[in-house]
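Peer 1: Protein chains in written order, with our numbering: chain A, 23 to 464; chain B, -11 to 142.
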């Protein structure tokens, strides 16, 4: 039996004991983030200076900890209940999806990228499709209906993702009834996704050239039902959590990050906006038809966990506001581009035309060739800037596919948010960053 | 623009600084408003050496790609730095943009490009004892034997 027990270690990736780290290394980390010299950082006194080794201990939180949202492992150096240092160790969910993406054609690529950030699959597909379309040079020729369908699903997906955040945030802090409510409302949104795309998650619905299928009959009533159903539920959340003293005590002033720190660390999305920086790609570098709809960019002012909670709650409301406008403006027309190169022929044509059958077969087996070039496209996913960098060598497969994952960059904020916090707050802080480990590890 | 060869790609601004001037260019750009480093990645051009590059830029095997962002005006600029196969090292951006810490570790892990003076250059996604760098083009897909040692043969 004993030879089955093997000590696991990530070696040099782990948090080193204090005796093995020089003070210079410690200060460099703090100093670089605050953009000040090591001497100035030393005078800050944020971290207790050199506690005795026997008064601190290094413990693992995760990778199987329920509040780490998957397989995030944090090594915490504790002095009593206080976190002195923290290091996230990732890679437990790494499956080489960027390498896989190099083997799949642009037609198949959607099935791969949609599984990265599995809570916001439409954004992964959208950014991949937008990058492919830019390389093909057809990004300006998409039918209006396809663009507005993409907007509709982006915002509904933002709602489902934030509803899941509200659920897990509640669960992590002990508001277990909130967990059930959040999942319940998210399921309503997913039911609509299933009706349109056939799947609750990992849809492969947004594809280069448009979307996979038109909206089914009755979609408008389904969306209107969602828009009627969710606002009163959000009011309930407000009653249950926002105004509740215990909830506020657990979140306010916890995990504070300043705008300078957030920008230096490359944080985006609600983490950056909680510090008061009004950066939202939908407003800053608009894509789709976002300049034509009205919405507010929600910003916080303290950069704490409560601000991040409140921002996401209100972003659900803003998303519903956008969805309402999309409903009013949804144009009639085609849902995908009529470009023989990227669009398979309609099903009816396959029965009557040999050429259509061959074309259909070719497009799904060999894919379509994409001109040589490289492009970086980014969209505002529920977690921040989701970017897609594709380098093409002119073949039917991306030469290099890279996804700029917002969760991957945002978890770098954890050590700075946790310095000096309590262990119990660590749970609240992880939750408030809302990392998706599929997105972190890819 | 910042004394670098410039070659736009599909309407996006792309600069090609040399490896020696790379950090200085990023610093100058940070002073010019590009205060956020949105993304840092790399490409291994082993299987596609003949890509178009502007005059004065010699194609090398690796290319480190940095996407900088100016959130005041919403500008983006991309830097592509050539890194030779024989000496795959490049200075770190950590002191200018600390947010590149994890991204540089990822590039090191996946491509074996070393970032000199990086505070903690260890693997980030692969296990520490992994041999090779998976995203290099000469790393084969699916070449790792799957082992279920404890399963027995039934």
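Cβ coordinates follow ideal geometry from the N, Cα and C atoms, glycine included.
Because the structure is a prediction, the values reported are computed rather than measured.
#1: Could you tell me whether the Cβ atoms of residue 458 of chain A and residue 417 of chain A are closer together than 7 angstroms?
#2: How many Å lie between residue 276 of chain A and residue 253 of chain A at the Cα?
#3: Give the straight-line distance between the Cα atoms of residue 348 of chain A and residue 225 of chain A, rounded to the nearest whole angstrom.
#4: If residue 103 of chain A and residue 78 of chain A are in contact, beta carbons under 8 angstroms, what's the gap, nearest whole angstrom?
#5: Excluding the 5 residues flanking residue 128 of chain B on each side, which residues of the same chain have their C-beta closer than 8 angstroms to its C-beta?
#6: Rounded to whole angstroms, what's the CA-CA distance from residue 110 of chain B to residue 342 of chain A? Just pull it up for me.
#7: Less than 6 angstroms between the CB of residue 162 of chain A and some heavy atom of the ligand NAD, yes or no?
#8: Kindly give me the distance between the Cβ atoms of residue 278 of chain A and residue 406 of chain A, rounded to whole angstroms, as I take these residues to be in contact under 8 angstroms.
#9: Within 10 angstroms of its Cβ, does residue 105 of chain A collect 16 or more other Cβ (buried), or is it exposed?
#10: Taking only the alpha-carbon atoms, compute the straight-line gap between residue 33 of chain B and residue 56 of chain B and give it to the nearest angstrom.
#11: Between the alpha carbons of residue 424 of chain A and residue 162 of chain A, how many angstroms are there, rounded?
#12: What residues from chain A crowd round residue 87 of chain B, counting only those whose CB sits closer than 7 angstroms?
#13: With a 10 Å radius around its C-beta and 16 neighbouring C-beta atoms as the bar for buried, classify residue 94 of chain A as buried or exposed.
#14: Just the C-alpha distance for residue 354 of chain A and residue 171 of chain A, rounded to the nearest angstrom, thanks.
#15: Is the CB of residue 59 of chain B under 7 angstroms away from at least one CB in chain E?
#16: Among B:21, B:15, B:-9 and B:29, which residue has its Cα nearest to the Cα of residue 397 of chain A?
#17: Hey, quick one: how far does the beta strand (DSSP E) through residue 114 of chain B stretch, first residue to last?
#18: So with Cβ pairs under 7 angstroms, would you call residue 424 of chain A a contact of chain B?
#19: Any beta-carbon of chain A closer than 7 angstroms to the one on residue -8 of chain B?
#20: Who are the near neighbours of residue 64 of chain B in its chain, counting only those whose CB is closer than 6 angstroms to its CB and skipping five residues on each side?
#21: How far does the beta strand (DSSP E) with residue 82 of chain B in it reach, from first residue to last?
#22: Name the one or two DSSP bridge partners that residue 410 of chain A has.
#23: Mind checking the region 108 to 141 of chain A against chain B and listing, in chain order, the residues whose C-beta falls within less than 7 angstroms of any C-beta there?
#24: Touch check for the region 282 to 299 of chain A and the region 312 to 322 of chain A: three-plus C-beta pairs under 8 angstroms?
#25: Would you mind giving the Cβ-Cβ distance between residue 450 of chain A and residue 272 of chain A, rounded to the nearest angstrom? I have them listed as a contact below 8 angstroms.
#26: For residue 366 of chain A, which residues of its own chain have a beta-carbon under 8 angstroms away from its beta-carbon, when the five flanking residues on both sides are left out?
#27: So with CB distances below 7 angstroms, who are the chain A contacts of residue 36 of chain B?
#28: Return the CA-CA distance between residue 327 of chain A and residue 454 of chain A, expressed in angstroms with no decimal places.
#29: Excluding the 5 residues flanking residue 236 of chain A on each side, which residues of the same chain have their C-beta closer than 7 angstroms to its C-beta?
#30: Check for me: the alpha helix (DSSP H) holding residue 191 of chain A runs from which residue to which?
#31: Tell me which residues share the same chain as residue 234 of chain A and place their Cβ nearer than 6 angstroms to its Cβ, disregarding the 5 neighbours each side in the sequence.
#32: Pairs of beta-carbons, one from the region 176 to 195 of chain A and one from the region 140 to 152 of chain A, closer than 8 angstroms: are there three or more?
#33: Give the single residue among A:112, A:114, A:90 and A:122 whose Cα lies nearest to the Cα of residue 421 of chain A.
#34: Please name the residue in A:318, A:371 and A:274 whose C-alpha comes closest to that of residue 439 of chain A.
#35: What residues from the region 388 to 405 of chain A come within 8 angstroms of chain B, judged by C-beta to C-beta, listed N to C?
#36: Interface residues of chain A around residue 79 of chain B at Cβ under 9 angstroms?
Peer 2: Let me spell this out:
#1: With respect to the 7 angstroms criterion, residue 458 of chain A and residue 417 of chain A are not classified as neighbours on the basis of their beta carbons.
#2: Going from the Cα of residue 276 of chain A to the Cα of residue 253 of chain A covers about 28 angstroms.
#3: Approximately 21 angstroms between the Cα atoms of the pair.
#4: Actually they are not in contact, since the Cβ atoms of residue 103 of chain A and residue 78 of chain A sit about 12 angstroms apart, beyond 8 angstroms.
#5: Excluding residues within five positions, none has a Cβ falling inside 8 angstroms.
#6: For residue 110 of chain B and residue 342 of chain A, the gap between their C-alpha atoms comes out near 43 angstroms.
#7: This structure lacks the ligand NAD; in fact it carries no ligand of any kind.
#8: Actually they are not in contact, since the Cβ atoms of residue 278 of chain A and residue 406 of chain A sit about 18 angstroms apart, beyond 8 angstroms.
#9: Burial of residue 105 of chain A is indicated by the presence of at least 16 other C-beta atoms within 10 angstroms of its C-beta.
#10: About 22 angstroms.
#11: Residue 424 of chain A and residue 162 of chain A: Cα-Cα distance of roughly 23 angstroms.
#12: Neighbours of residue 87 of chain B on chain A, chain order: 286, 287, 288, 431 and 434.
#13: Under a 10 Å Cβ-count criterion, residue 94 of chain A is classified as buried, with 16 or more other Cβ atoms of the shown protein chains found around its own Cβ.
#14: Taking the straight line joining both Cα atoms gives about 11 angstroms.
#15: Structure shown: chain E not included; protein chains present are A and B.
#16: That would be B:29, whose Cα lies nearest to the Cα of residue 397 of chain A.
#17: Counting along the chain, residue 114 of chain B falls outside any beta strand (DSSP E), and DSSP gives it neither H nor E.
#18: Nearest CB-CB separation between residue 424 of chain A and chain B: below the 7 angstroms threshold.
#19: So no, residue -8 of chain B is outside the interface.
#20: Here residue 64 of chain B has 57 as same chain residues with Cβ atoms under 6 angstroms from its own Cβ, once five neighbours each way along the sequence are excluded.
#21: Note, residue 82 of chain B: premise wrong, no beta strand (DSSP E); not H, not E.
#22: Bridge partners of residue 410 of chain A: A:399 and A:425.
#23: Of all residues in the region 108 to 141 of chain A, 112, 113, 116, 118, 120, 121 and 125 have a Cβ within less than 7 angstroms of some Cβ in chain B.
#24: For the pair of segments examined, the region 282 to 299 of chain A was found to touch the region 312 to 322 of chain A: the number of CB pairs separated by less than 8 angstroms reaches three.
#25: The C-beta distance from residue 450 of chain A to residue 272 of chain A rounds to 6 angstroms, short enough to meet the 8 angstroms contact threshold.
#26: Contacts found: 381, 382, 385 and 386.
#27: Within chain A, the residues placing a beta-carbon under 7 angstroms from that of residue 36 of chain B are 415 and 421, ordered along the chain.
#28: So the two alpha carbons sit approximately 5 angstroms from each other.
#29: In its chain, beyond the 5 residues on either side, 357 have a beta carbon closer than 7 angstroms to the beta carbon of residue 236 of chain A.
#30: Unbroken alpha helix (DSSP H) run through residue 191 of chain A: 166 to 194.
#31: Excluding sequence neighbours, residue 234 of chain A sits near 227.
#32: With a cut-off of 8 angstroms, the region 140 to 152 of chain A and the region 176 to 195 of chain A count as touching, because enough Cβ pairs lie within range.
#33: Checked all of A:112, A:114, A:90 and A:122; the closest Cα to residue 421 of chain A is A:122.
#34: Answer by Cα proximity: A:274.
#35: Taking 8 angstroms as the Cβ-Cβ cut-off against chain B, the residues of the region 388 to 405 of chain A that qualify are 394, 395, 396, 397, 398 and 400.
#36: Neighbours of residue 79 of chain B in chain A, taken as residues at a C-beta separation under 9 angstroms, are lacking, since the least C-beta distance is about 14 angstroms.
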